[in-house]
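K.L.:
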Amino acid sequence: MSTHVQPVAPSNDLYLAWQVLRSEQPRLRARDAAERLAVSEAELVASRLDVDAVRLQPDWAHLLPALGDLGYVMALTRNEHCVHERKGYYRDVTVTGNGQMGLVVSADIDLRLFLGGWASVFAIEEQTAKGVQRSIQVFDRQGTAVHKVFLTEDSQLSAWAPLLERFRMAEQSVELGLLPLPQPQPPQADAQVDVNGLRVGWSTLKDTHHFFALLKKHGTTRTQALRLAGSEWAEPLDVRELPKLLEQAGTREVPIMVFVGNRHCIQIHSGPVRNLRWMDSWFNVLDPEFNLHLQTTGVTELWRVRKPSSDGVITSWEAFDAQGELVVQLFGARKPGIPEREDWRALAESAAALEC
């Protein structure tokens, strides 16, 4: 290196390494580039400060409602094997008094937010082959993307600069204070579970939202509870049935609810699915307002699950990866207080259970 060349800051080293990688693989997404470069996606984004990114204040109680000023946007939430993209408006935003939970319950963008795990947030204004792409991107304490919001051609571009000015952090630091992922407690053995108590608790559920409390009470993982619940409540299915169910829902015009989440955010689509396509091992919904990208090789378990409620039995399909993490959940489209749709139930019950 010439002695006349100024040394490059570590963050710029990362940024330059990324640009080299992008020049070699222009279609490589930031998530995959971060993995190639052995950093978190948040660190990769932070390396863009003073280039095309601005770090914002993690003031969720005010920032989330302010996203409504951007108008028609695309919200994206993903996990390791599934990406959920929904266009619409950030409306009806609620953040609890302690700041740990949030909701967005508009007709189109429907979110459950576990804000205690949200850590950093950036605004990005990036030149792409299709023009300037603007987004707000949120990351957790491990530097993993939690939730992203992208402007569309129909967004209120005039609201972008004022939003950045309002929430811009005074110190544009690359320091993220990342922490290692807490190690989960090993699950207890099946023999240690009060199976009868689990089944009784399951049979007396009044609200599907109480299911997590049931798991916690009995110290079971989700897949363990499904195995132990009995065929009345949970049945294993062939994983190849999952895309077939989506195809049949599209053909029969059965409106469904599609839940995709990670540890800190769940995103929900309610409505029909129509334009369904395979791309290699990816199964996709490519509708104008809703896109789903499911890496089918990541699904190793599929269950038909029935939960009693004050509205009657609620039937879902739940797909899990090899680590027992939930990849995607499917329900019939419904509102609280309304029984499950008969056409959804018939469709959900049509696949034969696997022999145990």
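Numbering that gives the first Met the number 0 numbers the first residue of the sequence shown as 0 and each following residue consecutively. Every residue gets a Cβ at the ideal spot worked out from N, C-alpha and C, and that includes glycine.
(1) Nearest to Pro179 by alpha carbon, out of Pro161, Asp139, Lys205?
(2) If you check the beta carbons only, do Gly67 and Arg90 fall under 7 Å apart?
(3) Along the chain, where does the beta strand (DSSP E) containing Asp109 start, and where does it finish?
(4) Shortest alpha-carbon distance to Ala332 belongs to which of Leu275, His268, Glu324?
(5) Check whether the stretch 221-239 and the stretch 47-57 touch, using three or more Cβ-Cβ pairs below 8 Å as the test.
(6) With 16 as the cutoff for other CB atoms within 10 Å, does Asn274 come out buried or exposed?
(7) Count the other CB atoms, across all protein chains shown, that sit within 10 Å of the CB of Phe211; report buried if there are 16 or more and exposed otherwise.
(8) Specify whether the stretch 248-268 and the stretch 321-337 touch according to this definition: at least 3 beta carbon pairs, one from each stretch, less than 8 Å apart.
(9) In the structure shown, what three-state DSSP assignment does Ser157 receive?
(10) Can the beta-carbon of Gln136 be found less than 7 Å from the beta-carbon of Lys147?
(11) Taking Ser202 as part of the beta strand (DSSP E), name the residues at either end of that continuous run.
(12) So for Arg47, helix, strand or coil by DSSP?
(13) Can you name the start and end residues of the beta strand (DSSP E) that Gln18 belongs to?
(14) Given Arg167, which residues of its chain have a CB within under 7 Å of its CB, disregarding the five upstream and five downstream residues?
(15) Could you say which of Ala33, Ala144, Gln126, Pro64 lies nearest to Thr76 if we only look at CA atoms?
(16) Applying the criterion that 16 or more other CB atoms from any shown protein chain within 10 Å of the CB defines a buried residue, is Thr127 buried or exposed?
(17) Whose C-alpha, out of Leu114, Pro181, Arg276, is nearest the C-alpha of Thr242?
(18) Examine the Cβ distances between the stretch 304-321 and the stretch 275-291 and report whether three or more of them are shorter than 8 Å.
(19) So, at 7 Å on beta carbons, what are the nonlocal neighbours of Asp12 in its own chain, with the 5 sequence-adjacent residues on each side left out?
(20) Mind checking whether Ser154 and Tyr88 have CB atoms under 7 Å apart?
P.N.:
On the basis of the data shown:
(1) Asp139
(2) yes
(3) 109-113
(4) His268
(5) no
(6) exposed
(7) exposed
(8) yes
(9) helix
(10) yes
(11) Segment 194-202 is the alpha helix (DSSP H) holding Ser202; no beta strand (DSSP E) there.
(12) coil
(13) Careful: Gln18 lies outside any beta strand (DSSP E), inside the alpha helix (DSSP H) at 9-23.
(14) Val53, Leu55
(15) Ala144
(16) exposed
(17) Position check: residue 242 holds Pro in this sequence, whereas Thr was assumed. Of the listed residues, the one whose Cα sits closest to Pro242 is Arg276.
(18) no
(19) none
(20) no
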